[in-house]
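Structure record follows, encoded as C-alpha cells.
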Ligand SMILES: C[S@@+](CC[C@H](N)C(=O)[O-])C[C@H]1O[C@@H](n2cnc3c(N)ncnc32)[C@H](O)[C@@H]1O
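Numbering (my numbering), first residue to last: 6 to 542.
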C-alpha cells in the first residue's frame with residue numbers, strides 16, 4: 006500500500022535513475038538519500054529524529070557541525086521556540102530537522118546545511134515560528150552598535166550597513182553575546198563564495214559573461230561603502246577588516262529575509278533556523294511576520310513564521326524560493342547556480358544605429374528610455390520591451406510615410422519588413438554576446454565531461470565553467486527560437502513597409518508570439534531597491 010504513495014511523494018529516485026548518478030556517496034549524498042528513502046517504505050516508522058540520525062542524514066553525533074546545530078536548538082528552545090519532536094501542551098511536534106550537509110542532486114556540489122521534514126508536513130502548515138527579538142534586524146542592530154560605538158551610524162543609515170557592522174562586532178569583536186549560538190552556524194565566506202568575493206583569477210573564468218561586470222560593480226560598491234563607514238568613520242581597521250566586511254555582506258546577501266509586515270514597516274532580518282532553508286525555484290513556501298498571541302490576546306511582540314507551500318514527506322528536504330532569480334543573480338549574491346532554472350536569463354546589449362538615428366534618440370529621451378539598453382533574454386522568451394524598442398529602432402522612412410515616430414504603437418507589429426529587421430537584430434545581438442566568450446560551448450562541455458580533471462578544479466572554477474556553458478546554451482536556443490519565429494510568421498525576405506499606416510499588421514501566429522512575458526527589472530534595479538544602487542556599466 007505504501008509503495009505507490011512513496012513513488013508519488015519522492016522526486017529524488019526518478020531523477021537519480023535518469024541521470025545515472027548512483028555512484029554518489031557522502032553524508033547527505035544521493036546514495037544516502039535514496040537508501041534512506043528506499044528503507045522508509047519497508048521499515049516501520051520510528052521516532053523521526055532517531056531514524057534520521059541512524060541513517061546518517063543529520064551527520065555524525067561527534068561532528069562539530071552537529072554540536073553547533075544542537076547549540077542553536079538549545080538556545081532557541083530556551084527562548085520559547087518549540088522544537089521538540091513530541092507534542093506539547095496544545096503544540097504539535099516540530100516537523101523539521103537540520104541536515105548538516107545537503108547536496109545538489111544534479112551537480113553533486115554541496116549546498117551546506119538544509120532543513121528536512123522529520124515527519125510529514127501538510128500544505129499551509131506553520132512549520133516554525135521565531136520571535137522577532139531573536140532575529141537581527143536594523144532596529145536591534147542599531148541599538149547594539151550605538152551602545153558600543155556611539156555616533157558612528159545614525160538611525161537612517163542603510164539597513165545592510167547597520168546589520169553588517171553589528172555582525173562583525175558580534176562575531177569577531179565581542180563573541181560572548183546572546184546571539185553566539187546563531188553566529189556559530191553562519192558559514193564562512195569561502196563556503197558560500199558569491200562571485201563578489203572571488204579572486205581575479207577565478208573571475209577570469211567568467212570572461213564574456215554579464216556576471217563579471219555585475220561582480221566588478223558590486224565589489225567597487227562594497228569597497229566604497231567600506232571606505233565611508235569604516236575608514237572615514239575612524240572604526241578600528243584591525244577589527245573591522247575588509248575581509249570581515251565581505252563576510253558580513255556574504256551573510257546578508259545570501260540569507261537575510263525581507264519582512265514586509267512588521268509593525269515598524271518593512272525590514273530585512275537574519276532569522277535563525279529559518280535561514281537554514283535552501284532554495285528551489287519551484288517552491289512557494291513563504292515567510293511572514295505577525296504579532297504574537299491569538300485573536301483575543303495579542304502580546305505586542307512579533308514573530309516570524311515559515312509556512313509550507315505543499316505537503317512534504319518524511320525525510321524530504323524542505324525548500325523556499327529566494328525569488329525568481331536567474332543563475333547570474335544566484336552566483337553574484339548566493340554563490341551557487343542551478344542546472345535547471347526556469348528563471349535563467351542572459352543580459353544582452355541591444356543598440357541600433359542607422360536611419361533617422363537622431364530622431365529616434367530624441368523620441369527615446371521623450372519617453373524616458375535610454376539609447377543603449379540591456380535586455381534579459383530567456384531560453385524561451387525575451388521581454389516585450391525589447392521588441393518594442395527594436396521596432397522603433399528599425400523604423401525606416403518607408404514605414405513612416407507622412408507620419409511621425411510618436412504616431413505609431415510599438416506594442417504592435419509595424420510592418421513585415423520592420424518586424425523581420427527587429428527580430429534579426431535580436432539574433433545579431435545574441436550572436437555578438439556569444440562572441441564575447443573566449444571558449445565555445447563544446448569546449449566547456451569537454452571540460453565538464455572529463456570528470457577526473459573537472460573534479461580537481463576549485464569550486465569557483467567548476468561553477469564558472471558550468472555557468473558560461475549554460476549561458477551559451479541559452480543564447481543558442483534563443484537564436485534557434487527566433488529563426489523559427491521568423492519562418493513561422495512568414496517574415497523571411499519580407500520587404501513590405503507600413504507607408505504611414507499606423508494601425509499595424511497582424512501576421513501569422515501573432516496571437517501566440519514568442520516573447521509574450523514582460524521582462525523583470527535587472528539586478529541593478531534590485532540592488533537599488535536594497536539601497537545599494539550600482540551602475541553596472
Ligand atoms: C539561506 S542559506 C541556506 C542555508 C545554508 N545551506 C547553510 O548552510 O547555512 C543560503 C545559502 O545556502 C546555499 N544554497 C541554498 N540553496 C541552494 C541550492 N539550491 N543549491 C546550492 N546551494 C544552495 C548557498 O550557499 C546559499 O548562499
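Every residue, glycine too, gets a C-beta built ideally from N, C-alpha and C.
Please read these numbers as outputs of a predicted model, since none were measured by experiment.
From this set, 400, 407, 415, which residue's C-alpha is nearest residue 389's C-alpha?
Taking the chain shown and counting its residues from 1, one reaches residue 389 at position 384. Comparing Cα positions, the closest option is 415.
Our contact map puts residue 337 next to residue 200 with C-beta atoms below 8 angstroms; I'd like the distance itself, whole angstroms only.
Position 332 of the chain shown, counting from 1, holds the residue named residue 337. Position 195 of the chain shown, counting from 1, holds the residue named residue 200. Confirmed, about 5 angstroms.
On the three-pair Cβ rule with 8 angstroms, is the segment 179-193 touching the segment 450-464?
no
For the candidate residues 242, 182, 408, whose alpha-carbon lies nearest to that of residue 507?
Position 502 of the chain shown, counted from the start, is the residue given in the question as residue 507. Nearest C-alpha to residue 507: 408.
Going straight from the alpha carbon of residue 321 to that of residue 132, what length do you get?
Taking the first residue of the chain shown as 1, we reach residue 321 at position 316. Taking the first residue of the chain shown as 1, we reach residue 132 at position 127. Spanning the two alpha carbons is a distance of roughly 14 angstroms.
Are residue 187 and residue 120 close, meaning C-beta to C-beta below 9 angstroms?
For this step, residue 187 is matched to residue 182 along the chain shown. For this step, residue 120 is matched to residue 115 along the chain shown. Cβ distance not < 9 angstroms, so residue 187 and residue 120 don't count as in contact.
Out of 396, 468, 490, 473, state which residue places its alpha-carbon closest to the alpha-carbon of residue 197.
Translated into positions along the chain shown, residue 197 becomes position 192. For residue 197, the nearest C-alpha among the options comes from 468.
Compute the minimum distance between the beta carbon of residue 284 and the heavy atoms of ligand 1, and state whether it is under 8 angstroms.
Position 279 of the chain shown, counting from 1, holds the residue named residue 284. Yes - ligand 1 has a heavy atom lying nearer than 8 angstroms to the Cβ of residue 284.
DSSP puts residue 291 in a beta bridge; with which residues?
On the chain shown, position 286 is the one that residue 291 refers to. Residue 291 pairs with 312.
Between which residues of its own chain and residue 224 is the CB-CB distance below 6 angstroms, once the five residues before and five after are set aside?
Position 219 of the chain shown, counted from the first residue, corresponds to residue 224. 201, listed in sequence order.
With respect to the alpha helix (DSSP H) encompassing residue 460, which residues constitute its N-terminal and C-terminal limits?
What you label residue 460 is simply residue 455 of the chain shown in a count that begins at 1. Its alpha helix (DSSP H) spans residues 456-461.
Considering only the beta carbon of each residue, do residue 354 and residue 378 sit closer than 9 angstroms?
Within the chain shown, residue 354 is the residue found at index 349, counting from 1. Within the chain shown, residue 378 is the residue found at index 373, counting from 1. For residue 354 and residue 378, yes; Cβs fall inside 9 angstroms.
Looking only at DSSP bridge pairs, what is residue 136 linked to?
On the chain shown, position 131 is the one that residue 136 refers to. In DSSP, residue 136 forms a bridge with 308.
Tell me whether residue 456 is buried or exposed, calling it buried when 16 or more other Cβ atoms sit within 10 Å of its Cβ.
Residue mapping note: residue 456 aligns to position 451 of the chain shown, counting from 1. Exposed, since its Cβ has fewer than 16 Cβ neighbours within 10 Å.
Run through DSSP, which three-state label would residue 422 get?
Position 417 of the chain shown holds residue 422. Of the three classes helix, strand and coil, the one that applies to residue 422 here is helix, per DSSP.
Note down the Cα distance separating residue 168 from residue 143, rounded to an integer number of angstroms.
Position 163 of the chain shown, counted from the first residue, corresponds to residue 168. Position 138 of the chain shown, counted from the first residue, corresponds to residue 143. C-alpha separation (whole angstroms): 6 angstroms.
Just to confirm, does residue 340 get its C-beta within under 8 angstroms of one of the non-hydrogen atoms of ligand 1?
Position 335 of the chain shown holds residue 340. Yes; taking the cut-off as 8 angstroms, the Cβ of residue 340 has a heavy atom of ligand 1 nearer than that.
Could you give the DSSP three-state label for residue 157: helix, strand or coil?
On the chain shown, residue 157 is found 152 positions in, with the first residue counted as 1. Coil at residue 157, not helix or strand.
Who pairs with residue 380 in a beta bridge, going by DSSP?
For the purposes of this step, residue 380 is identified with residue 375 of the chain shown, where counting begins at 1. Note: residue 380 sits in a beta bridge opposite 353.
Measure the alpha-carbon distance for residue 172 versus residue 295 and round it to whole angstroms.
Translated into positions along the chain shown, residue 172 becomes position 167. Translated into positions along the chain shown, residue 295 becomes position 290. Taking the straight line from one Cα to the other gives about 25 angstroms.
Looking at the unbroken beta strand (DSSP E) that takes in residue 121, where does it start and where does it end?
On the chain shown, position 116 is the one that residue 121 refers to. Unbroken beta strand (DSSP E) run through residue 121: 119-122.
Could you name the residues of the same chain whose beta carbon sits closer than 6 angstroms to that of residue 76, not counting the 5 residues immediately before and after it, in chain order?
Numbered from 1 along the chain shown, position 71 holds the residue referred to as residue 76. Excluding five sequence positions before and after residue 76, the CB atoms of its chain that fall closer than 6 angstroms to its own CB belong to 186, given in chain order.
Output needed for residue 230: all residues of its chain with C-beta closer than 7 angstroms, excluding positions within five of it in sequence on either side, in chain order.
Here residue 230 refers to the residue found at position 225 of the chain shown. The residues are 166.
Cβ-heavy atom distance between residue 114 and ligand 1 below 8 angstroms?
By one-based count along the chain shown, residue 114 stands at place 109. Result yes, Cβ under 8 angstroms from ligand 1.
Identify the continuous alpha helix (DSSP H) that holds residue 282 and give its terminal residues.
Sequence index remark: in the chain shown, residue 282 carries index 277 (1-based). Where residue 282 is concerned, there is no enclosing alpha helix (DSSP H), given that its DSSP letter is neither H nor E.
In its own chain, which residues sit with a C-beta less than 6 angstroms from the C-beta of residue 443, not counting the 5 before and 5 after it?
For the purposes of this step, residue 443 is identified with residue 438 of the chain shown, where counting begins at 1. Cβ neighbours of residue 443 beyond the five flanking positions: 212.
Quick check: does the Cβ of residue 343 come within less than 8 angstroms of any heavy atom belonging to ligand 1?
The count along the chain shown starts at 1 and reaches residue 343 at position 338. Yes, since a heavy atom of ligand 1 falls inside the 8 angstroms radius drawn around the Cβ of residue 343.
Between residue 262 and residue 309, is the Cβ-Cβ spacing less than 9 angstroms?
Reading the chain shown from its first residue, position 257 is the one you call residue 262. Reading the chain shown from its first residue, position 304 is the one you call residue 309. Contact flag set, yes.
Could you tell me how far apart the beta carbons of residue 499 and residue 417 are, in whole angstroms, since I believe they sit closer than 8 angstroms?
Stepping through the chain shown from its first residue, residue 499 is reached at position 494. Stepping through the chain shown from its first residue, residue 417 is reached at position 412. With 8 angstroms as the limit, residue 499 and residue 417 do not qualify as a contact, their Cβ atoms being about 16 angstroms apart.
Please list, in chain order, all residues of the same chain as residue 264 whose beta carbon is under 7 angstroms from its beta carbon, the five residues on each side excluded.
The count along the chain shown starts at 1 and reaches residue 264 at position 259. 271, 272, 274, 294, 309, listed in sequence order.
For residue 484, which residues in the same chain have their Cβ closer than 6 angstroms to its Cβ, ignoring the five residues on either side in sequence?
Taking the chain shown and counting its residues from 1, one reaches residue 484 at position 479. Cβ within range, chain order: 432, 435.
For residue 496, which option in 510, 504, 290 has the closest C-alpha, if you only look at C-alpha atoms?
One-based indexing of the chain shown puts residue 496 at position 491. When only C-alpha atoms are compared, the closest one is 510.
Who are residue 262's beta bridge partners in DSSP?
Here the question's residue 262 lines up with position 257 in the chain shown. Answer is 274.
For the alpha helix (DSSP H) that contains residue 101, what are its first and last residues?
Against the chain shown, residue 101 aligns to sequence position 96. Counting along the chain, residue 101 falls outside any alpha helix (DSSP H), though it belongs to the beta strand (DSSP E) covering 101-104.
Skipping 5 residues on each side, what residues in its chain have a beta carbon closer than 8 angstroms to that of residue 257?
Along the chain shown, read from residue 1 onward, the residue named residue 257 stands at position 252. These residues qualify, in order along the chain: 165, 168, 169, 172, 273, 275.
Could you give the first and the last residue of the continuous alpha helix (DSSP H) run that contains residue 173?
As a working mapping, residue 173 is identified with position 168 in the chain shown. 164-173 is the span of the alpha helix (DSSP H), which, as asked, contains residue 173.
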